[in-house]
Amino acid sequence: MKRKEDHFEYVTELLDIRKELIGRLIFHFVRPSRQSYLDLEKWADNLEVVEILRAPYAVEPFPGYENVLIDFNPLKTIIEKEDPSWKTALSSVKGVYIITDKSNGKIYVGSAYGQDSFWTRWSSYVQNGHGGNKELAEIIGNEGMEYASNFQFSILEIRTNTTSEDEIIRREAYWKNVLKSREYGYNKN
């Protein structure tokens with residue numbers, strides 16, 4: 001670590017040794033103080049490897065509600081790893097979302113409210129591929145869980161956590177009408 005005029009810089013060099021572990025190690029480290037810059041040489045013995053991932057962890061940070069457009073498999077990684085930027089954002093608002101089946105263009109419009117709203121709702125899709133929706137459950141039942149990799153998730157509208165469930169359900173119905181998801185998609189209600 002080198003001190004510059006008003007900050008510190010780490011001097012690093014990428015070596016070939018153990019390069020297969022880049023992006024795959026999960027460490028546990030208890031920060032010893034409020035110190036802004038920690039010298040690795042002093043604290044390396046306090047790092048504990050708690051997990052080695054099969055593949056490099058490559059999740060983009062939460063892009064903002066208006067920019068969420070994520071395929072099923074990356075969403076699955078985010079949910080399984082409980083990525084903090086995504087979990088915090090998806091748990092802190094209610095709203096309406098859309099799932100697009102990229103294999104045929106059909107859509108499903110749903111709503112997220114209750115405990116941890118979007119996070120809980122989307123976690124149910126990751127768990128079983130259909131989130132309890134009859135039409136999607138039928139497809140997953142016929143085609144298998146792999147079919148869920150065709151699904152792409154996006155947020156249509158967000159509201160504060162103080163918004164009533166009735167209002168969220170009204171907004172969901174509005175989007176179903178606008179996008180004709182009952183007539184041409186997977187919504188049946």
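Just so you know, we're using the UniProt record's numbering here: the sequence shown kicks off at 1 and counts up by one. Ideal Cβ positions, reconstructed from N, Cα and C, are used throughout, including at glycine. Being a predicted model, the structure only gives us computed values, none of them experimental.
Taken atom to atom, the span from the alpha-carbon of K106 to that of D71 is near 15 Å. Per the DSSP secondary-structure output, Q152 pairs in a beta bridge with D71 and T100. L21 is the residue among D45, S33, L21 and T163 whose C-alpha sits nearest the C-alpha of R54.
Annotation: N142 to Y186 spans about 15 Å, alpha carbon to alpha carbon.
Per DSSP, reduced to three states, the secondary structure at Y65 is helical.
Beta-bridge pairing by DSSP links Y186 to no other residue. Spatial neighbours of N46 in its own chain (CB-CB distance under 8 Å, excluding positions within 5 residues in sequence) are listed in chain order as F29, V30 and P32. Each residue's CA atom was taken as its position, placing V178 and R18 some 53 Å apart.
Distance between D83 and S117, taken at the CA atoms: about 16 Å.
Between the C-alpha atoms of G114 and T100 there is a straight-line separation of about 23 Å. Around N161, the same chain offers S92, V93, K94 and S117 as residues with beta carbons nearer than 8 Å, after the five sequence neighbours per side are excluded.
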